[in-house]
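As numbered in mature numbering (1 follows the signal peptide of the UniProt record, and there is no 0), residues -17 to -1, 1 to 106 make up the sequence shown, in order. Reading through the structure tokens given below for one structure.
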Amino acid sequence: MQKYTLLLACLVAAAAAYTTKYDNIDLDEILHNDRLLKKYHECLLADDDASCTPDGKELKAAIPDALTNECSKCNEKQKNGAEKVIRFLIKEKPDLWSPLETKYDPSGSYRQKYADELKRVSS
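In structure tokens form, the structure reads like this:
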């Protein structure tokens, strides 16, 4: 019985956080490489995962939950990385940011929910 309790506890703990296996990806390399950035952008906008790398699939799957739950499953590195990417896209690539907003926030509810954060990040 104790084995099952331990297994259940491990499964609950694993589901309570996003994977950390991609935490050491060089975000600057992606953000400043138009080819790489375009591939991630295409993945996030596509209706299927055919054009996605494994880390792109993971990111695409996490975005809706992270938006809904205020990134509660994110660790600090993931939160900082998300802020860095959002800041870069808003300031440097608004043509890429706008379609992402449309796809992941069609009603504008997250823009309202995170208005203060967006102001801080985009200033």
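Each residue gets a CB set at the ideal place from its N, CA and C atoms; glycine is no exception. Since we're looking at a predicted model, the values are computed, not measured.
In this structure the region 31 to 41 does not lie against the region 70 to 90, because fewer than three pairs of beta carbons, one per stretch, are closer than 8 Å. Taking one beta carbon from each stretch, the region 16 to 31 and the region 73 to 86 have 3 or more pairs nearer than 8 Å; the two touch. Uninterrupted alpha helix (DSSP H) stretches at least 4 residues long and entirely within the region 34 to 89 occur at 37 to 51, 59 to 75 and 77 to 87, given in chain order. Alanine 98 counts as exposed, since fewer than 16 other beta carbons sit within 10 angstroms of its beta carbon.
Cα atoms of lysine 86 and leucine 28: separation of roughly 7 Å, rounded to the nearest angstrom.
Its Cα nearest to that of leucine 14, the residue Ala65 stands out among Lys4, Ala44 and Ala65. The C-alpha of glycine 91 is placed about 31 Å away from the C-alpha of lysine 4. For the set Lys102, Lys96, Asn7 and Glu75, the Cα lying nearest the Cα of asparagine 52 is the one of Lys96. Ranked by Cα distance from lysine 102, the first of Lys60, Leu83 and Lys74 is Lys74. Contact annotation: leucine 50 and tyrosine 1 have beta-carbon atoms that are not nearer than 7 Å.
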